[in-house]
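Trainee:
Numbering (the numbering used here), first residue to last: 1 to 69.
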């Protein structure tokens, strides 16, 4: 399943190395997750939401981006 990871990262003006570091993984692994080539587990999804200060729903693509702004 591909989430809104890249769109969210760009929205918050973050670079892949920053996000990968926040998750405790390497940039190549994060890139594969962002491109839908690898799965992201629930724990990392929650970490990512906290890093961005957004909801998990936003990352999953189930919430409205307008609600977050």
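All C-beta atoms in this analysis are idealised placements derived from N, C-alpha and C, irrespective of residue type, glycine included.
It should be emphasised that the depicted structure is a prediction, and the values quoted were computed from it without experimental measurement.
For residue 36 and residue 60, what's the separation of their Cα atoms in angstroms?
Mentor: Locating residue 36 in the chain shown gives position 36, counting from the first residue. Locating residue 60 in the chain shown gives position 60, counting from the first residue. Cα to Cα, the separation comes out at about 12 angstroms.
Trainee: To the nearest angstrom, how far is the alpha carbon of residue 55 from that of residue 45?
Mentor: Position 55 of the chain shown, counted from the first residue, corresponds to residue 55. Position 45 of the chain shown, counted from the first residue, corresponds to residue 45. Rounded to whole angstroms, residue 55 to residue 45 spans 10 angstroms at the Cα level.
Trainee: Tell me the rounded alpha-carbon separation between residue 24 and residue 18.
Mentor: Your numbering for residue 24 matches position 24 in the chain shown. Your numbering for residue 18 matches position 18 in the chain shown. Going from the Cα of residue 24 to the Cα of residue 18 covers about 10 angstroms.
Trainee: Could you tell me the distance, in whole angstroms, from the CA atom of residue 14 to the CA atom of residue 26?
Mentor: Numbered from its first residue, the chain shown carries residue 14 at position 14. Numbered from its first residue, the chain shown carries residue 26 at position 26. Roughly 15 angstroms between the two C-alpha positions.
Trainee: Could you check how far apart the C-beta atoms of residue 5 and residue 39 are, in whole angstroms? I think they sit under 8 angstroms.
Mentor: Counted from its first residue, the chain shown places residue 5 at position 5. Counted from its first residue, the chain shown places residue 39 at position 39. Wrong, their Cβ atoms sit about 12 angstroms apart, outside the cutoff.
Trainee: Going by DSSP in three states, residue 31 sits in which element: helix, strand or coil?
Mentor: As a working note, residue 31 is residue 31 in the chain shown. Here residue 31 sits in helix by DSSP.
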